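**Student:** Residue -15 is where the sequence shown starts when you use our numbering, and the numbers rise one by one after that.
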Amino acid sequence: MAYRLAAALSAILLAISSAPPAMAKPFIYTNARFGTSVTFPLDVFTDRAGGPANGDGMTFVAPDGASLAVYGSNNALDQTPEQLADFSSEGMEVTYRKVGKDWVALSGHDGTDIFYHRLEFGRDGVIHAFMLKYPAAAKSKYDPLVRAIADSLVGP
């Protein structure tokens, strides 16, 4: 896990170093309820849209309409990664789908937005996830952030 965290931070720093000099330091958000954690540039996602009252997660928004939802959940239905991929992609046009032993990565279009959804199976039946949505017109701004944010997703 330490290697993965180090690799994630390296990826974030690489993404930040190739961005304009005004980029702020990376921000690490950790969900207190599930321990889901993700790192992202706070100067891109400048506002918090809030989260559910039950403490499942938080949504961060950018002035251009992009959003980053970070959350954890209990795998109450005991879904496999394949089943979770099917469930998580309902109503969206999926153009990229990868399912591993304990993770799911989906990308595609949700109306006029591009989305990237990463879900990882943690301990004790917990799923750690984030959903990044951004306007298709801002693809060149957000595509470089996807991998760094995905690599930073961790949880117990």
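Quick reminder that beta carbons are idealized off the backbone N, C-alpha and C, glycines included.
Quick caveat: nothing in here was measured; it's all calculated off a predicted structure.
#1: Apart from the five residues just before and just after glutamate 66, which ones in its own chain have a Cβ nearer than 6 Å to its Cβ?
#2: Just list the beta strand (DSSP E) runs in the region 21 to 49, keeping only unbroken ones of 3 residues or longer that don't cross its boundaries, in chain order.
#3: Relative to the C-alpha of phenylalanine 24, which candidate in Phe18, Ala60, Gly35 and Val45 has its C-alpha closest?
#4: Here's the rule: buried if 16 or more other CB atoms are within 10 angstroms of the residue's CB, otherwise exposed. What is phenylalanine 71?
#5: Grab me the residues of tryptophan 87's own chain with a C-beta within less than 8 Å of its C-beta, minus the 5 sequence neighbours each way, in chain order.
#6: Comparing C-alpha positions only, which one of Thr20, Ala89, Gly109 and Val78 sits nearest to aspartate 62?
#7: Just curious, the alpha helix (DSSP H) that glutamate 66 is in, first and last residue?
#8: When burial is assigned at 16 or more other CB atoms within 10 Å of the CB, is alanine 6 buried or exposed?
#9: State buried or exposed for leucine 43, treating a residue as buried only when at least 16 other CB atoms are found within 10 Å of its CB.
#10: Need the endpoints of the beta strand (DSSP E) that valine 138 sits in, please.
#11: Would you kindly work out how many angstroms separate the C-alpha atoms of lysine 9 and tyrosine 80, rounded to a whole number?
**Tutor:** According to the structure data:
#1: Beyond the five residues adjoining it in sequence on each side, glutamate 66 comes within less than 6 Å, by CB distance, of Val83 in the same chain, given in chain order.
#2: Taking only runs of at least 3 residues, the beta strand (DSSP E) segments lying wholly in the region 21 to 49 are 21 to 25, 31 to 34 and 41 to 45.
#3: Distances from the CA of phenylalanine 24 to each of Phe18, Ala60, Gly35 and Val45 were compared; the closest alpha carbon is that of Val45.
#4: By the neighbour-count rule (16 or more Cβ atoms within 10 Å), phenylalanine 71 is not buried but exposed.
#5: Pro65, Arg102, Leu103, Glu104 and Phe105, listed in sequence order.
#6: Of the listed residues, the one whose Cα sits closest to aspartate 62 is Gly109.
#7: Annotation for glutamate 66: the continuous alpha helix (DSSP H) segment containing it runs 65 to 72.
#8: Interpretation of alanine 6 is limited by its pLDDT of 41, a score under 50 that renders its predicted location unreliable; the figure taken from the coordinates is listed afterwards. Sixteen is the threshold: since fewer than 16 other Cβ atoms of the shown chains lie within 10 Å of the Cβ of alanine 6, the residue is exposed.
#9: A small fix is needed here, since residue 43 is threonine in this sequence, not leucine. With 16 or more other Cβ atoms within 10 Å, it is buried.
#10: Element bounds for valine 138: n/a, residue is neither H nor E.
#11: For lysine 9 and tyrosine 80, the distance between alpha carbons rounds to 30 Å.
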